[in-house]
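**Q** Residue numbers (my numbering), protein chains in the order written: chain A, 23 to 365; chain B, 23 to 365. We put the beta carbon where it would ideally sit given N, CA and C, even for glycine.
Number of protein chains: 2
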Amino acid sequence: MASIKDVAAEAGVSVATVSRVLNDHPSVSDDARTRVLAAVQTLGYRPNAVARSLRTDQTRTLGLVISDVMNPYFTELARSVEEAARALGYSVIIGNADERPDLQDHHVRTLLDRRIDGLLVSPTDGGSPLMLEAARAGTPMVFVDRWIPGVDVPVVRADGQAAIRDLVAHLCRLGHRRVAIIAGPAATTTGSERVRAFREALAEHGVPLPDAYTGQGDFQAESGRRVTEGFLDLPEPPEAVFAADNLMALGALDAIRARGLRVPQDIALAAFDDIPWFVHTDPPVTAIAQPTGELGRAAVRALVDRIEGRHPRSVTLPARLVVRRSCGEGRDEHQTPVQRSTS
Amino acid sequence: MASIKDVAAEAGVSVATVSRVLNDHPSVSDDARTRVLAAVQTLGYRPNAVARSLRTDQTRTLGLVISDVMNPYFTELARSVEEAARALGYSVIIGNADERPDLQDHHVRTLLDRRIDGLLVSPTDGGSPLMLEAARAGTPMVFVDRWIPGVDVPVVRADGQAAIRDLVAHLCRLGHRRVAIIAGPAATTTGSERVRAFREALAEHGVPLPDAYTGQGDFQAESGRRVTEGFLDLPEPPEAVFAADNLMALGALDAIRARGLRVPQDIALAAFDDIPWFVHTDPPVTAIAQPTGELGRAAVRALVDRIEGRHPRSVTLPARLVVRRSCGEGRDEHQTPVQRSTS
DNA sequence: CCTCCTCGTGGAATCGATTACACGGTTGCG
DNA sequence: CGCAACCGTGTAATCGATTCCACGAGGAGG
Chain A
23 MASIKDVAAE
33 AGVSVATVSR
43 VLNDHPSVSD
53 DARTRVLAAV
63 QTLGYRPNAV
73 ARSLRTDQTR
83 TLGLVISDVM
93 NPYFTELARS
103 VEEAARALGY
113 SVIIGNADER
123 PDLQDHHVRT
133 LLDRRIDGLL
143 VSPTDGGSPL
153 MLEAARAGTP
163 MVFVDRWIPG
173 VDVPVVRADG
183 QAAIRDLVAH
193 LCRLGHRRVA
203 IIAGPAATTT
213 GSERVRAFRE
223 ALAEHGVPLP
233 DAYTGQGDFQ
243 AESGRRVTEG
253 FLDLPEPPEA
263 VFAADNLMAL
273 GALDAIRARG
283 LRVPQDIALA
293 AFDDIPWFVH
303 TDPPVTAIAQ
313 PTGELGRAAV
323 RALVDRIEGR
333 HPRSVTLPAR
343 LVVRRSCGEG
353 RDEHQTPVQR
363 STS
Chain B
23 MASIKDVAAE
33 AGVSVATVSR
43 VLNDHPSVSD
53 DARTRVLAAV
63 QTLGYRPNAV
73 ARSLRTDQTR
83 TLGLVISDVM
93 NPYFTELARS
103 VEEAARALGY
113 SVIIGNADER
123 PDLQDHHVRT
133 LLDRRIDGLL
143 VSPTDGGSPL
153 MLEAARAGTP
163 MVFVDRWIPG
173 VDVPVVRADG
183 QAAIRDLVAH
193 LCRLGHRRVA
203 IIAGPAATTT
213 GSERVRAFRE
223 ALAEHGVPLP
233 DAYTGQGDFQ
243 AESGRRVTEG
253 FLDLPEPPEA
263 VFAADNLMAL
273 GALDAIRARG
283 LRVPQDIALA
293 AFDDIPWFVH
303 TDPPVTAIAQ
313 PTGELGRAAV
323 RALVDRIEGR
333 HPRSVTLPAR
343 LVVRRSCGEG
353 RDEHQTPVQR
363 STS
């Protein structure tokens, strides 16, 4: 592959001049410029980004470590992050942690080794030494969706508290008194906060949330299935189940079907994170929708601010309840076109 | 950030010795080794992958350019590719083309600039000059799922022909004679091959596939919706619709619901690409499942073979029909656990 | 006419690693 | 005892860019 030296030789100038042309530095004669451009053309020269990064100490690359690519919520987040980054001239390298702290560390490590300019993380756990150290060392970093408490890193997230309160009101209005939750890992903020918000909202309606109705999941479908089976085995099973993410809701749906039970007649179901498929499940699932695209854009904006030396503030956007039929009442969305973020 | 020089100074040795320790080269004294390791520890040194890549001319990175991340099929493919690559010591950089040739080119370009060791592509179109040139220039490359005819690059894909024949048999057995297809872009191999296989299979049953029943989609949900509306507006609408990918099936479902029609009573639906959600849609959707995980692994294996100088052959794996209720008959999968690839 | 800028250009240092080569000191074998 | 092989180590070249500095030419101004 042709290097800058080859171009310089072909054009009959020095490498310095070639570099200046390529970075459109003002002081280059028109003559030299055209000769260089011609040489670039004939050699099919493409600048080596690796060499450039070494010299300039910047890669124009962002790292994004997410907890689970197979979760449509994170997929959409990744998509909007890449889009926003591209608009600002950055590339994105995605690392999929699969909800495993060791994998998360692996990705953070390789991204750091590659000298990415900044890191966007949705932490799987309470924070490994590696990540804590990176944050302390001043690596530009922004948490998105989930965060690690006590670390001085901006957080971009959606606040589900109000929406969860709406959901609880909806459940109570429909007469459900025995409601359960499938929680995410306690080590994640979204894992614990959603339970807390749910419990508090229930308390406002005088409804308790016993331990037996608080299942421990890990944000993966299989755990939703397992926890739901536990609920159904209870002498007094819950009348409604709230899954803290969409995959666990899918697992719950599986478990309920496996018993031959019907939603919502036999048991109500709701989920955190709305996805296009929830419109078409049987029945359509009531869910809490995050402004995913806006979240991704805000996260990139914050991270690039940090990279460029500014000090962005944390951003919290509201989530909202989307009522469908899985809790009993609720309209159907026959007319709604499939949701897609803007291109 | 500490460099190899700092480590050398701290350990009281030369940079060469530090490098030898880090790459565990045999001829280093135990004494030097321990001193270097200690220095690495105290300085928190991490080798700069950028510098290393520049020198060694390899990045241990694979590029993966897929047509659409929001499509669960490609998400799963990406996941299995990353997993297989990681096992071989490679990282993966994913580029999402969003079914747009210009975006695809953008990603190929940046990946090439980064000097990735090899490229895995599922082309959105018939092949841009850039990609053709890269292939000709000898960039290690493998096509996955889709390919560009006439280019000497190994292809890893699933053959849906047999499964499509099974599907057609299934449709005919249920008495459907007016069947339509929502095709993908003709410029993609999967776009045209699936139509061809479908048409041929229908011919075997003496069923024609008129132009009016051949809708042109682009593998995105919205196009499935639009095409399906066209079908429903026909004086004689089809009795069954086959969508060439899962997103267009989702769009079709939308359009059908919007008219207040029921699947499968009013119209049958089937899709190419099976995804976990199809089990839970209303009704569960009959689909053709590709061995996605195996596809990803085979693709990585082939690409790494090419990188290491060997000459891998193309791989074709069989797809299979999964019958559910959306075409009329078909069992339900209440007992089936949620599908996930192995971790 | 001389000095001082400005402008276009090239030489060379630099980024952080790897690695060929040289060198001094042991060790082994004849 | 002497020569060769070997071992551990350091010096320096190298990868492909960017960029500081110097230099020569030419124009402006005194």
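1. Give a yes or no on whether the minimum CB-CB distance between B:Trp169 and chain A is below 8 Å.
2. Quick check: A:Arg74 and A:Gly111, are their CB atoms within less than 8 Å of each other?
3. Can you name the start and end residues of the beta strand (DSSP E) that A:Ser113 belongs to?
4. Just to check my reading of the structure: A:Phe96 and A:Arg216 have Cβ atoms closer than 8 Å, yes? What is that Cβ distance to the nearest angstrom?
5. What distance in whole Å lies between the Cβ atoms of B:Arg319 and B:Ser102, which are believed to be in contact at a cut-off of 8 Å?
6. Check the C-beta distance from B:Val29 over to B:Val58 and give it rounded, since I have them as a contact under 8 Å.
7. Enumerate in chain order the residues of its own chain whose CB-to-CB distance from B:Gly148 is below 7 Å, with the five nearest sequence positions on each side excluded.
8. Use the C-beta contact count for A:His192: other C-beta atoms within 10 angstroms, 16 or more gives buried, fewer gives exposed.
9. Less than 8 Å between CB atoms is the rule here; does A:Glu316 satisfy it with respect to chain B?
10. In whole angstroms, give me the CA-to-CA distance for B:Leu134 and B:Glu226.
11. State the beta-bridge partners of A:Met163 as determined by DSSP.
12. Note the first and the last residue of the continuous alpha helix (DSSP H) segment covering B:Asp255.
13. Any chance the CB of B:Arg57 is under 7 Å from a heavy atom of the ligand NAD?
14. Could you compute how far the alpha carbon of A:Thr211 sits from the alpha carbon of A:Leu272?
15. Leaving out five residues on either side along the sequence, give the residues of the same chain with a beta carbon under 8 Å from the beta carbon of A:Leu269.
16. Looking only at C-alpha atoms, which of B:His129, B:Asp167, B:Tyr67 sits nearest to B:Leu84?
17. With a threshold of 8 Å between beta carbons, is B:Thr250 in contact with chain A?
18. If you run the structure through DSSP and keep just helix, strand and coil, what is B:Asp46?
19. Please classify B:Thr64: does DSSP put it in a helix, a strand, or coil?
20. Please confirm whether B:Leu134 has its beta-carbon closer than 8 Å to some beta-carbon of chain A.
21. Relative to the alpha-carbon of A:Gln183, which residue among A:Pro232, A:Ala311, A:Arg248 has its alpha-carbon at the smallest distance?
22. Apart from the five residues on each side of it in sequence, which residues of its chain come closer than 6 Å, Cβ to Cβ, to A:Ala309?
23. Which two residues bound the contiguous beta strand (DSSP E) that contains A:Arg342?
24. Less than 8 Å separating the beta-carbons of B:Asp237 and B:Phe253?
25. Run through chain B and tell me which residues come within less than 7 Å of A:Thr97, C-beta to C-beta.
26. Does A:Glu104 get closer than 8 Å to chain B when you measure Cβ to Cβ?
27. Can you confirm whether B:Ala156, when its beta carbon is compared against all beta carbons of chain A, has any partner nearer than 8 Å?
28. Which two residues bound the contiguous alpha helix (DSSP H) that contains B:Gln126?
29. Quick check: is the beta carbon of A:Ile26 nearer than 8 Å to any beta carbon in chain B?
30. If distances are taken between C-alpha atoms only, which option among B:Gly117, B:Pro176, B:Leu99 comes closest to B:Ser336?
31. Please state whether DSSP places A:Val201 in a helix, a strand or coil.
32. I'd like the list of long-range same chain contacts for B:Gly34, defined as Cβ closer than 8 Å, with 5 residues on each side in sequence excluded.
33. Pick out whichever of A:Ser348, A:Ala341, A:Pro334, A:Arg346 has its Cα sitting closest to the Cα of A:Val164.
34. Identify the residues that DSSP records as bridge partners of A:Ala30: which are they?
35. Using C-beta distances below 7 Å, list every residue in its chain close to B:Leu65, excluding the 5 sequence neighbours before and after it, in chain order.
36. Kindly indicate which residue of B:Ile138, B:Arg122, B:Asn70 has the alpha-carbon position closest to the one of B:Asp79.
**A** Quick look at the numbers:
1. Within the second sequence, the letter at position 147 stands for residue 169 of chain B. It does not: the Cβ of B:Trp169 has no partner Cβ on chain A nearer than 8 Å.
2. Taking the first sequence and counting its residues from 1, the one referred to as residue 74 of chain A is at position 52. Taking the first sequence and counting its residues from 1, the one referred to as residue 111 of chain A is at position 89. Taking 8 Å as the Cβ cut-off, A:Arg74 and A:Gly111 do not qualify as a contacting pair.
3. In the first sequence, residue 113 of chain A corresponds to position 91, counting from 1. Where A:Ser113 is concerned, the enclosing beta strand (DSSP E) stretches over 113-118.
4. Your numbering for residue 96 of chain A matches position 74 in the first sequence. Your numbering for residue 216 of chain A matches position 194 in the first sequence. The beta-carbon separation of A:Phe96 and A:Arg216, rounded to 16 Å, does not stay under the 8 Å limit for a contact.
5. For the purposes of this step, residue 102 of chain B is taken as residue 80 along the second sequence, with counting starting at 1. For the purposes of this step, residue 319 of chain B is taken as residue 297 along the second sequence, with counting starting at 1. So it is a contact: roughly 6 Å between Cβ atoms.
6. Translated into the one-based positions of the second sequence, residue 29 of chain B becomes position 7. Translated into the one-based positions of the second sequence, residue 58 of chain B becomes position 36. With a Cβ gap of about 7 Å, B:Val29 and B:Val58 count as contacting.
7. Here residue 148 of chain B refers to the residue found at position 126 of the second sequence. Cβ within range, chain order: Ile170, Ala209.
8. Along the first sequence, read from residue 1 onward, the residue named residue 192 of chain A stands at position 170. Buried, because 16 or more other Cβ atoms sit within 10 Å of the Cβ of A:His192.
9. As a working note, residue 316 of chain A is residue 294 in the first sequence. Closer than 8 Å: no.
10. The residue you call residue 134 of chain B lines up with position 112 of the second sequence. The residue you call residue 226 of chain B lines up with position 204 of the second sequence. Looking at the backbone, the Cα of B:Leu134 and that of B:Glu226 are separated by about 46 Å.
11. Here residue 163 of chain A refers to the residue found at position 141 of the first sequence. Looking at the DSSP assignment, A:Met163 forms a beta bridge with A:Leu141.
12. Here residue 255 of chain B corresponds to residue number 233 of the second sequence, with the count starting at 1. Element bounds for B:Asp255: 243-255.
13. What this structure holds is no ligand at all, so the ligand NAD is not there to describe.
14. On the first sequence, position 189 is the one that residue 211 of chain A refers to. On the first sequence, position 250 is the one that residue 272 of chain A refers to. Computed Cα separation, rounded: 21 Å.
15. Taking the first sequence and counting its residues from 1, one reaches residue 269 of chain A at position 247. The beta carbon of A:Leu269 lies closer than 8 Å to those of Asp90, Met92, Asn93, Phe241, Gln242, Ala243, Gly246 in the same chain, with the five residues before and after it left out.
16. Translated into positions along the second sequence, residue 84 of chain B becomes position 62. Nearest neighbour of B:Leu84 by Cα position, chosen from B:His129, B:Asp167, B:Tyr67, turns out to be B:His129.
17. The residue given as residue 250 of chain B occupies position 228 in the second sequence. No, because no Cβ of chain A sits closer than 8 Å to the Cβ of B:Thr250.
18. One-based indexing of the second sequence puts residue 46 of chain B at position 24. Of the three classes helix, strand and coil, the one that applies to B:Asp46 here is coil, per DSSP.
19. Locating residue 64 of chain B in the second sequence gives position 42, where the first residue counts as 1. Reduced to three states, the DSSP call for B:Thr64 is helix.
20. Residue 134 of chain B sits at position 112 when you count from the first residue of the second sequence. Output row for B:Leu134: interface = yes.
21. Here residue 183 of chain A corresponds to residue number 161 of the first sequence, with the count starting at 1. Taking only the C-alpha atoms, the option nearest A:Gln183 is A:Ala311.
22. On the first sequence, position 287 is the one that residue 309 of chain A refers to. Closer than 6 Å at the Cβ level, and outside the excluded window around A:Ala309, lie Ala293, Asp296, Phe300, Val344.
23. Within the first sequence, residue 342 of chain A is the residue found at index 320, counting from 1. Start and end: 342-344.
24. Position 215 of the second sequence, counting from 1, holds the residue named residue 237 of chain B. Position 231 of the second sequence, counting from 1, holds the residue named residue 253 of chain B. Rather than Asp, the amino acid found at residue 237 of chain B in this sequence is Gly. Yes. Within cutoff.
25. Counting from 1 along the first sequence, the entry for residue 97 of chain A is found at position 75. Result: Val91, Met92, Thr97.
26. Along the first sequence, one-based indexing puts residue 104 of chain A at 82. It does; some Cβ of chain B falls within 8 Å.
27. Working through the second sequence from its first residue, we reach residue 156 of chain B at position 134. No, no contact with chain A.
28. In the second sequence, residue 126 of chain B corresponds to position 104, counting from 1. The continuous alpha helix (DSSP H) containing B:Gln126 extends over residues 123-135.
29. By one-based count along the first sequence, residue 26 of chain A stands at place 4. No, its Cβ sits nowhere closer than 8 Å to a Cβ of chain B.
30. Position 314 of the second sequence holds residue 336 of chain B. Shortest Cα-Cα distance from B:Ser336 to any of B:Gly117, B:Pro176, B:Leu99 involves B:Pro176.
31. By one-based count along the first sequence, residue 201 of chain A stands at place 179. A:Val201: strand per DSSP, three-state reduction.
32. Residue 34 of chain B sits at position 12 when you count from the first residue of the second sequence. Only Arg57 meet the Cβ criterion.
33. The residue labelled residue 164 of chain A in the question sits at position 142 within the first sequence. Closest in C-alpha terms to A:Val164, from the list A:Ser348, A:Ala341, A:Pro334, A:Arg346, comes A:Pro334.
34. On the first sequence, position 8 is the one that residue 30 of chain A refers to. Per DSSP, none; premise fails for A:Ala30.
35. In the second sequence, the residue the question calls residue 65 of chain B occupies position 43. Here the set comprises Ala24, Asp28, Val29, Glu32.
36. In the second sequence, the residue the question calls residue 79 of chain B occupies position 57. Checked all of B:Ile138, B:Arg122, B:Asn70; the closest Cα to B:Asp79 is B:Ile138.
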